[in-house]
Amino acid sequence: MISERKSLVIDESTAGGMIRDGMTIAIGGFINSSHPMVLVRQIIQRGIKNLTVVGAASGGPDLDLLIAAGCIKKLVTTYMGAEHFCPITPFFRTAAQRGELEIFECDEGMFYCALRAAAQGLPSTPWKAGLGTSFPEVNPEIKVYSDPITGEPVLAIPAIVPDLAIIYAAHSDAYGNVQHIGTGFGDRAMWRAAKRTIAQVERVIPNEEVRKNPLATSLYGVDAVLRAPYGAHPFAGPGYYIEDGIHIREFIAAGNAYAKNNDRRPFEEYLQKYILSPKTHEDYLEVVGIRRLVSLHEH
Amino acid sequence: MISERKSLVIDESTAGGMIRDGMTIAIGGFINSSHPMVLVRQIIQRGIKNLTVVGAASGGPDLDLLIAAGCIKKLVTTYMGAEHFCPITPFFRTAAQRGELEIFECDEGMFYCALRAAAQGLPSTPWKAGLGTSFPEVNPEIKVYSDPITGEPVLAIPAIVPDLAIIYAAHSDAYGNVQHIGTGFGDRAMWRAAKRTIAQVERVIPNEEVRKNPLATSLYGVDAVLRAPYGAHPFAGPGYYIEDGIHIREFIAAGNAYAKNNDRRPFEEYLQKYILSPKTHEDYLEVVGIRRLVSLHEH
Amino acid sequence: MTSTAASFTTKELMATFISHQVRDGERVAVGAGLHVPRAGILLAHMLRCPNVRLYLAMTFTNLIKEPKMEPFYTTYDIRPTKWAEAYVFHEDFQEKPRFISDTFVVGGLQIDKFGNSNLIGVGKDFKHLTFRGPGAVGTTSMAHYVDRYYLFVQSHDKRIFVDKCDFISTVGWGQGGADSRKKLGIPGGGPVYCITPLCVMDFEEKSKHMRLYSVHPGVTVQQVVENTGFELIIPSNVPETPAPTDEELRTLRERIDLEGMLRK
Amino acid sequence: MTSTAASFTTKELMATFISHQVRDGERVAVGAGLHVPRAGILLAHMLRCPNVRLYLAMTFTNLIKEPKMEPFYTTYDIRPTKWAEAYVFHEDFQEKPRFISDTFVVGGLQIDKFGNSNLIGVGKDFKHLTFRGPGAVGTTSMAHYVDRYYLFVQSHDKRIFVDKCDFISTVGWGQGGADSRKKLGIPGGGPVYCITPLCVMDFEEKSKHMRLYSVHPGVTVQQVVENTGFELIIPSNVPETPAPTDEELRTLRERIDLEGMLRK
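Chains as they are written, first to last, in our numbering: chain H, 130 to 428; chain L, 130 to 428; chain V, 9 to 272; chain R, 9 to 272.
Okay, here's the thing in structure tokens:
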């Protein structure tokens, strides 16, 4: 009479199918680390448009790629750079300067206010930092009001509810108990805010392994699990590989050709080579090449 | 030229000296587990009065003891019972019924709102749950207002800022990196809300031990560390001992004598025997007896 | 040994009724101190719902592989953490109540005709209560956010079932009416059933006034009416609360309630 | 090999100045990407402040036992977690900013005469900026809550030092005046110094208008004035920024900046 527990592991195409035009999508990770790139490429391959994207608290070239491919209508972000690779990502900068991108301008404090309000089922949460700045002016969704108890001025940061969070992590069991290696950045906050979550992981591990260290379970229950080794490439997969600086610089260079010379060809070549031609994640890994992949060790 | 790192380990009397009349004190743990009882006894031994006490989200007989000893002016609590030992703790019930105790009535959601507001430096944080209930009536510090963005009704829960949090945990290094065994209940929230924190621990462990599992560091930086083996007795010390049911029942029985027959003598005997006569924690442990202590194993 | 459906206790009956309220794949908080709902949720898990995420002693776990449950009665006990798949820091509950549980069981010192309930205390003056209750614990917040909840009491009398609670710690259907929660600006499905040692009650669809749903074997409608302090809606036909099946009783007794807490 | 105080770079000078701003026992966030402040904070830690709690790549650590720092340049890199005493979930920063850092270093595309700064972008119309910046990262919140903060820029010219920022992402002294932060309802000590490759500036006590504090060796007051887009308060006597001691230089070069980022 007891049926077995149901595996939540799905394939790349099923996972991609969960993302639709016009959705609000939160994408985990931090700058050049831990983005669920199989799912990011799925978004581009499927030609999904008009997304509201909640980038990681500090965004990175993963979002720049989605801007370049025309998938994003509105971006929630506090920073769009790639640290030592690039101070401001080129497609973001160009799209923002041309007014082609709606931007929910905020800092990291406000960013987590918006996610926390979503998780808590609240219309907004208050924040003090930002009083006296331009944020309420450049982001009219943020309102200044008086605290109902003390009367002092406070900012109201509206809830942003992702329809779906896509998160990269080291491990999950088949039942959606996810464990990160490292801190997990702000991924927990995205998972709590979102209606549903797909975890893209390096390895699906036995439930018994999860139970050996329950404190390490960072997301206690996601809706679907996608196994994809090297799935954060070209970004770092903490505990497995560091970022691929050569590849990131190749993408940034393509972006700079567009930003500086209005030349989209290098990006179109990048897009064709790495995203549109490879039909699957395995195809992508072949294009990158095993020699490159195994060179990205941590020590 | 490099001086060594400074140890934050202090003795019982120094720790007790940090607690003063009229302070707001947060006391960690949960119901019959993980209360810093050496410090709770210090409060009583020193005759400290007029405390505002933020009990654990679900309180327990630790708070009932402080009520009995006349230390508490105002109590922030969502539940005052001892689960299977006692549905409602007797001194709390009596003091509340007689109007001798100010009560900040709230549920666990509101409780963490108040602590979070304190940690975030906000005058209040919003909460939806409680609309339509008696909380804003029995607790006039809670206000109903309209969300500044959507206009919908919301409760404002005021910040409660503990002057000091006293927390029980399994371990700390000498530099105040604290590690709990088990979940740590809501101790992190108290530590974040409070201006200062004393961690009372079973063992002071080497810094190298802390570094072996940084994810287990629950409080990254307290202000003082008090080593006290069996220091949560008569409550559970997770990973070290379970609660002492015989002792807890003895205290509850003393409380019931007062609540039902207005007879304070059994409590006065309890107080004399376990709290006033023993001058130190070691004296207390001798009164309890090593046979009892070692019988409180977990399996 | 096989149990026969003919011999079961009221507690076993209530636990079985509760077990049928659980849906597979949900998150379900297991209140450690309430033996009947705890047994009901575990029964659902063992027989029909292998994919529920049990929230238990501040951990998440799944117990379908446990042949027999070791006893656990408290929220704070570390021993059940041996089963944990994840630890929950208690304050995380306030970050997202729905990540703790999709459904909840709420008790009360008083419950009124619209399913509002009171754990604060009995009396007219909050500062001088005639009976001070334990407090709301997390019930206010959980009942607000969950998909639906259940009222459960261990006795059925006129002190508990009152026309109007002296204080409300958990909103049911407010002042009545299907839109009563919406009018208060609160989400969630509200209370679905109220389970007592005499009967099960639900809420009439339009008025959300409490209604008799079923009586336990051996209990008469008259008995329920006499022990309820407000006018209960009585349908023309009141069925008996369904008895546990042999498999349910066997599972309760042999895998869940080994100490016989429900048989006392 | 011993370095002599006679030979040091401007970056080493700035790092040394920053090192003197750190107080022992504080929490100090180490921005991975900014070599000069990072080196300055580590220098303070190694020589004077063994008890600072370093927030580094989302961990807390203490590095006084590290004979030589391995290089780390990014916020997201997992490799520095090898030193961790605690992990920080990034969203925890918003739970209590002061548990991340008691002090902070803030950069800017523009900085005005009252120390307000701008990382959003340059231009009159937010929807059509002439230069879009990277965004505020966490500077708005950290600068709000910390005890005090420091402005730091890698070049000193009239594009950066403007009379009025096009946008303000981090408040310094608002519209000026010692009570300007209080008037805005914000806590924290505001910016104390602005450190550039030419000089150090502070804020005049009453007006909180930026004032020249010291010039780096070889830089003239005139040079600073010519490269600043607002009228700077110039005291009658402007000292030279103090040179690093031999021990400071040696520690920087032999324990912290092994790759010579500050010597380029």
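Positions of the beta carbon are idealized from the N, C-alpha and C atoms, including for glycine. Fair warning: this is a prediction, and the values are worked out from it, not measured in the lab.
**Request:** In angstroms with no decimal places, state the Cα-to-Cα distance between ILE177(H) and ILE148(H).
**Result:** 8 Å
**Item:** Sequence-distant residues of its chain with Cβ nearer than 8 Å to GLU262(V) (five each side left out)
**Value:** LYS76
**Asked** At which residue ranges does the stretch 324-394 of chain L contain complete beta strand (DSSP E) runs of 3 or more residues, listed in the order of the chain?
**Response** 325-333, 346-349 and 353-356
**Asked** Where DSSP assigns a beta bridge to ASP210(R), which residues make up the other side?
**Response** ARG219(R)
**Request:** Please work out which residues of its chain come closer than 7 Å, Cβ to Cβ, to ALA425(L), disregarding the five sequence neighbours upstream and downstream, and give them in chain order.
**Result:** First, the amino acid is wrong: residue 425(L) is Leu here, not Ala. Closer than 7 Å at Cβ, skipping near neighbours: TYR370, ILE371 and ASP373.
**Asked** Taking C-alpha atoms, which residue in ILE176(R), GLY198(R), ASP165(R) and GLY193(R) lies nearest to LEU206(R)?
**Response** ASP165(R)
**Item:** Span separating the alpha-carbon of VAL170(R) from that of PHE134(R)
**Value:** 18 Å
**Request:** Step through the CB atoms of chain H and report whether any lies within less than 8 Å of the CB of ARG219(V).
**Result:** no
**Prompt:** Beta carbon of ALA258(H), beta carbon of SER149(R): below 8 Å?
**Reply:** yes
**Option nearest THR249(R) by Cα separation, candidates GLY268(R), ILE264(R) and ASP210(R)** = ASP210(R)
**Message:** On the CB-based measure, 16 or more other CB atoms within 10 Å of its CB, does VAL283(H) come out buried or exposed?
**Reply:** buried
**Message:** For LYS73(V), would you say it is in contact with chain L, using Cβ-to-Cβ distances shorter than 8 Å as the test?
**Reply:** no
**Message:** Check this for me: beta carbons of PHE107(R) and ARG156(R), under 8 Å apart or not?
**Reply:** no
**Prompt:** Using the beta-carbon of each residue, which ones in chain L are nearer than 8 Å to ALA299(H)?
**Reply:** Within 8 Å Cβ-Cβ: nothing; ALA299(H) doesn't reach chain L, min ~13 Å.
**Request:** Tell whether a beta-carbon distance below 8 Å holds between THR83(V) and ALA65(V).
**Result:** yes
**Prompt:** Is LEU266(R) helix, strand or coil by DSSP?
**Reply:** coil
**Message:** Under DSSP, the alpha helix (DSSP H) around PRO287(L) begins and ends at which residues?
**Reply:** Segment 282-287 is the beta strand (DSSP E) holding PRO287(L); no alpha helix (DSSP H) there.
**Prompt:** Does the beta carbon of PRO58(R) come closer than 8 Å to any beta carbon on chain L?
**Reply:** yes
**Prompt:** Can you give, in chain order, each stretch of the beta strand (DSSP E) that sits fully within the stretch 141-209 of chain R and has at least 3 residues?
**Reply:** 156-160 and 199-203
**Prompt:** Hey, which unbroken runs of the alpha helix (DSSP H) at 4 residues or more fall wholly within the stretch 31-106 of chain R?
**Reply:** 43-55 and 100-103
**Prompt:** Hey, does THR143(L) have any beta-carbon neighbour from chain A nearer than 8 Å?
**Reply:** Chain labels in this structure do not include chain A; the protein chains are H, L, V and R.
**Asked** On the three-pair Cβ rule with 8 Å, is the stretch 134-145 of chain R touching the stretch 224-231 of chain H?
**Response** yes
**Prompt:** For ARG134(H), which option in ASP100(V), THR69(V), PRO105(V) and VAL130(V) has the closest C-alpha, if you only look at C-alpha atoms?
**Reply:** THR69(V)
**Minimum Cβ-Cβ distance from GLU234(H) to chain L less than 8 Å** = no
**Asked** Would you call the CB atoms of VAL96(R) and ALA151(R) closer than 8 Å?
**Response** no
**Message:** Do TYR297(H) and GLY210(H) count as a contact pair if the criterion is CB distance below 8 Å?
**Reply:** no
**Item:** DSSP-derived helix/strand/coil call for HIS410(L)
**Value:** helix
**Prompt:** Along chain R, in chain order, which residues have C-beta atoms closer than 9 Å to that of PHE159(H)?
**Reply:** MET66, THR83, TYR84 and HIS98
**Message:** Is it buried or exposed, GLU20(V), if we count other Cβ atoms within 10 angstroms and call 16 or more buried?
**Reply:** buried
**Asked** Are the stretch 201-210 of chain H and the stretch 164-181 of chain H in contact at 8 Å, needing three or more beta carbon pairs?
**Response** yes
**Asked** Taking the Cβ atom as the reference point for each residue, do LEU348(H) and ILE327(H) lie within a distance shorter than 8 Å?
**Response** no
**Contact set between the stretch 191-213 of chain H and chain R, restricted to residues whose Cβ is under 9 Å from the partner** = THR206, THR207, TYR208, MET209, GLY210, GLU212 and HIS213
**Message:** Going by DSSP, what residue range makes up the beta strand (DSSP E) through GLU234(H)?
**Reply:** 231-234
**Message:** Quick check on PHE112(R) - is its C-beta less than 8 Å from some C-beta in chain L?
**Reply:** no
**Asked** What residue ranges within the stretch 198-266 of chain L form continuous beta strand (DSSP E) runs of no fewer than 3 residues, ordered along the chain?
**Response** 201-206, 231-234, 253-256 and 258-261
**Prompt:** Does GLN226(L) have its Cβ less than 8 Å from a Cβ in chain V?
**Reply:** yes
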